Amino acid sequence: PSERFVGVDCLLTALDDGWTLDDIVVRESHWLTSSRRVFVYHFDIRRGTEVSRVSVINNPFVIQLIAAYPLRVVSTLDSAF
């Protein structure tokens, strides 16, 4: 996708199309303002020899997806948009 971030529906569509999730998900913390932080989850997906990264802003469906798969979430240092 050309967007910087996509909805979790794009990730689910990729999984339905035969892509698989790597075991590690990177959670990146972004500060929008001095008091508002959002998390972005970076999923690496594979299909055959193809590899792609899908970045999704935190929402309840992302948390459910992570809980449904045997994934390990690792965090990066804070960054700003």
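First residue of the sequence shown? That's 30 in the numbering used here, and the numbers climb one at a time after it.
C-beta atoms are modelled at their ideal positions from N, C-alpha and C, and glycine is treated no differently.
Since the structure is predicted, the reported quantities are computational estimates derived from the model, not experimental observations.
Which first and last residues belong to the alpha helix (DSSP H) in which residue i is found?
| i | result |
| --- | --- |
| valine 35 | From DSSP, valine 35 is part of no alpha helix (DSSP H); its letter is neither H nor E. |
Buried or exposed: where does residue i fall if 16 or more other Cβ atoms within 10 Å of its Cβ makes it buried?
| i | result |
| --- | --- |
| leucine 61 | exposed |
| proline 30 | For proline 30, the predicted structure reports a pLDDT of 45, less than 50, and the residue's modelled location is therefore unreliable. A value from the coordinates is still provided. Label assigned to proline 30: exposed. |
| alanine 43 | buried |
| leucine 41 | exposed |
Check for me: the beta strand (DSSP E) holding residue i runs from which residue to which?
| i | result |
| --- | --- |
| leucine 100 | That residue, leucine 100, is in no beta strand (DSSP E); it is neither H nor E in DSSP. |
| serine 58 | 49-62 |
| aspartate 46 | That residue, aspartate 46, is in no beta strand (DSSP E); it is neither H nor E in DSSP. |
Whole angstroms is fine: what's the gap from residue i's alpha carbon to residue j's?
| i | j | result |
| --- | --- | --- |
| aspartate 73 | leucine 94 | 14 angstroms |
| valine 80 | proline 89 | 25 angstroms |
| aspartate 51 | proline 99 | 10 angstroms |
| threonine 49 | phenylalanine 68 | 22 angstroms |
| arginine 82 | serine 64 | 28 angstroms |
| phenylalanine 110 | threonine 78 | Unreliable positioning characterises phenylalanine 110 in this predicted model, as indicated by a pLDDT of 46, which lies under 50. The coordinate reading is nonetheless provided below. One C-alpha to the other measures close to 31 angstroms. |
| arginine 66 | isoleucine 86 | 11 angstroms |
| valine 35 | serine 84 | 6 angstroms |
- Answer yes if the segment 53-60 comes into contact with the segment 87-104, meaning at least three C-beta pairs across the two stretches below 8 angstroms, and no otherwise. Yes, the segment 87-104 touches the segment 53-60.
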